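Q: Residue numbers (UniProt numbering), protein chains in the order written: chain A, 1 to 205; chain B, 1 to 205.
Beta carbons: idealized from backbone N, C-alpha and C, even for Gly.
No experiment lies behind these values; they were computed from the predicted model shown.
Before we start, here is the structure in question, set down as structure tokens.
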DNA sequence: ATAGAAATAGGGTATTTACCCTATACTGGC
DNA sequence: GCCAGTATAGGGTAAATACCCTATTTCTAT
């Protein structure tokens with residue numbers, strides 16, 4: 001089994017290599033620190049497994065994964081991430097990943113994941129699997145309307161319902177209605193969470 | 001030299017441990033996966049060096065660092081992070097860290113950093129040092145105390161004054177006092193502005 | 001045409017915030 | 001010793017929020 005490992009942190013790569021070598025599960029044909037290099041190696045050598053970090057400089061593991069899918073290469077992808085955000089997992093699997101592993105689980109589950117993915121299966125931890133299920137069922141609820149995004153943009157700028165109403169020529173009570181609906185959709189209870197969401201999702205700049 | 005390592009990713013810990021053992025630079029008395037455990041070990045054994053990840057669940061490496069400083073323990077801290085934002089570095093050093101290392105540099109520079117920090121020095125990479133210099137020169141005098149930063153971190157997570165008080169073992173009224181003082185210092189009038197500030201300044205991760 | 005969603009906006013209430021005041025205790029600097 | 005700054009925490013009030021409810025209009029898709 002030919003394996004390639006890509007992660008921009010040398011220390012993480014070292015850990016992964018040691019783990020794979022100790023388990024004698026295959027041979028590592030390359031370990032690289034960027035998505036760009038990973039893609040070049042994969043194109044040239046078409047390894048069986050590519051273990052890719054999602055967040056790597058310019059070209060992400062997700063992006064490499066999409067390219068592999070688009071080219072129809074036989075290389076199967078296990079994506080690694082730091083924070084296991086269900087939205088990211090959803091994106092990863094839709095990008096064509098065969099396995100998804102938070103780095104915190106890598107030590108315990110990587111070898112298992114490699115075996116499953118190599119034999120044609122899909123690897124996600126059970127807890128993430130069920131979380132993903134409910135996320136996908138409710139996914140539509142996380143979609144905000146243009147008006148709702150507009151409202152939370154104003155909120156994240158620090159405006160009150162009254163001020164937002166005046167700015168948009170609607171009643172403060174309507175602003176409150178939008179606000180409450182967004183809170184319910186996203187499962188938030190405080191303005192602070194909304195502001196964080198708006199900034200992180202790029203709704204408010 | 002007694003060393004403790006804290007990182008919530010087993011694979012990273014494994015890499016760090018292998019590195020430190022290969023360099024025969026000291027003995028690792030503990031490797032843990034949370035800030036809470038790190039703090040317990042440090043309190044009990046007062047190691048020479050603590051290598052702490054900044055982002056770890058509830059109790060961050062930054063927080064542990066503050067506690068070490070507050071208690072006047074001899075343990076010297078090297079903080080590790082994923083992304084090297086200059087604002088985060090500034091916070092880290094103000095929180096009492098003796099060394100700061102992005103994980104991408106860990107493999108090459110950790111041993112050097114341990115030596116420097118252990119002999120009383122401060123370790124930051126040269127490029128970060130100069131960047132930090134110009135950042136501090138241009139930094140507006142929005143000076144917040146450690147406690148104030150801690151409070152607004154909790155606020156930006158969406159906690160109420162009451163919840164923050166319970167978490168930090170102080171009265172909700174005291175939390176309100178800190179909050180009001182910060183608002184006055186920064187000229188803010190709404191929680192939303194505070195959250196944005198905390199996220200953009202790297203106070204809340 | 002009709003169901004469904006989105007946007008509008010009112011009533012009502014409990015909780016939370018923002019900000020005013022005072023006051024004590026501890027710390028470091030001069 | 002004394003002052004400035006920080007952390008603590010109480011009393012108080014007005015504003016804002018979070019969330020419950022109903023109801024109208026408008027637009028879109030089947």
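In terms of residue numbering, what span does the beta strand (DSSP E) encompassing residue 27(A) cover?
A: Segment 27-32, the beta strand (DSSP E) holding residue 27(A).
Q: Use the C-beta contact count for residue 129(B): other C-beta atoms within 10 angstroms, 16 or more gives buried, fewer gives exposed.
A: exposed
Q: Three or more C-beta pairs under 8 angstroms: does that hold for the stretch 1-11 of chain B against the stretch 47-64 of chain B?
A: yes
Q: Kindly list, in the order they appear in chain A, the residues whose Cβ is closer than 7 angstroms to that of residue 62(B).
A: Under the 7 angstroms cutoff, chain A gives no residues; its nearest Cβ is about 17 angstroms from residue 62(B).
Q: Would you call the stretch 170-187 of chain A and the stretch 21-35 of chain B in contact, with 3 or more CB pairs under 8 angstroms?
A: no
Q: I'd like to know whether the C-beta of residue 175(B) is nearer than 9 angstroms to at least one C-beta of chain A.
A: Look at residue 175(B): its C-beta is not under 9 angstroms from any C-beta on chain A.
Q: Could you have a look at residue 203(A) and say whether DSSP puts it in helix, strand or coil?
A: coil
Q: DSSP three-state label for residue 119(A), please.
A: coil
Q: Please return the same chain residues whose Cβ sits closer than 8 angstroms to the Cβ of residue 132(A), not counting the five positions on each side in sequence.
A: 86, 89, 90, 93, 124
Q: Using a beta-carbon distance below 9 angstroms, is residue 203(B) in contact with chain A?
A: By this cut-off, residue 203(B) is not an interface position.
Q: For residue 168(A), which beta-bridge partners are listed by DSSP?
A: DSSP output for residue 168(A) lists no bridge partner at all.
Q: In the structure shown, what three-state DSSP assignment does residue 88(B) receive?
A: helix
Q: Return the first residue and the last residue of the beta strand (DSSP E) that residue 77(A) is part of.
A: Looking at the DSSP string, the run of the beta strand (DSSP E) that includes residue 77(A) is 76-81.
Q: Strictly below 7 angstroms CB to CB, what residues from chain A border residue 191(B)?
A: 191, 192
Q: Which residues mark the beginning and the end of the beta strand (DSSP E) in which residue 99(B) is found?
A: 99-102
Q: Taking residue 5(B) as part of the alpha helix (DSSP H), name the residues at either end of that continuous run.
A: Not the alpha helix (DSSP H): residue 5(B) falls in the beta strand (DSSP E), residues 2-6.
Q: Could you check the C-alpha separation between residue 71(B) and residue 160(A) for me, to the nearest Å?
A: 42 angstroms
Q: Looking only at its own chain, which residues have a Cβ that is under 6 angstroms from the Cβ of residue 99(A), when we skip the five neighbours before and after it?
A: 78, 113, 117, 123
Q: How is the beta strand (DSSP E) around residue 52(B) delimited, first residue to last?
A: Unbroken beta strand (DSSP E) run through residue 52(B): 49-53.
Q: How would you label residue 33(A), buried or exposed, when you count the other beta carbons within 10 angstroms and need 16 or more for buried?
A: buried
Q: Residue 125(A) by DSSP, collapsed to three states: which one?
A: coil
Q: If we call anything under 9 angstroms between Cβ atoms a contact, is residue 52(A) one with residue 64(A)?
A: Residue 64(A) is positioned such that its CB atom lies closer than 9 angstroms to that of residue 52(A).
Q: What is the rounded straight-line gap between the Cα of residue 150(B) and the Cα of residue 14(A)?
A: 34 angstroms
Q: Hey, would you say residue 155(A) sits closer than 9 angstroms to residue 164(A), going by beta carbons?
A: yes
Q: The alpha helix (DSSP H) spanning residue 35(B) covers which residue range?
A: Boundaries of the alpha helix (DSSP H) harbouring residue 35(B): 35-45, taken from the DSSP string.
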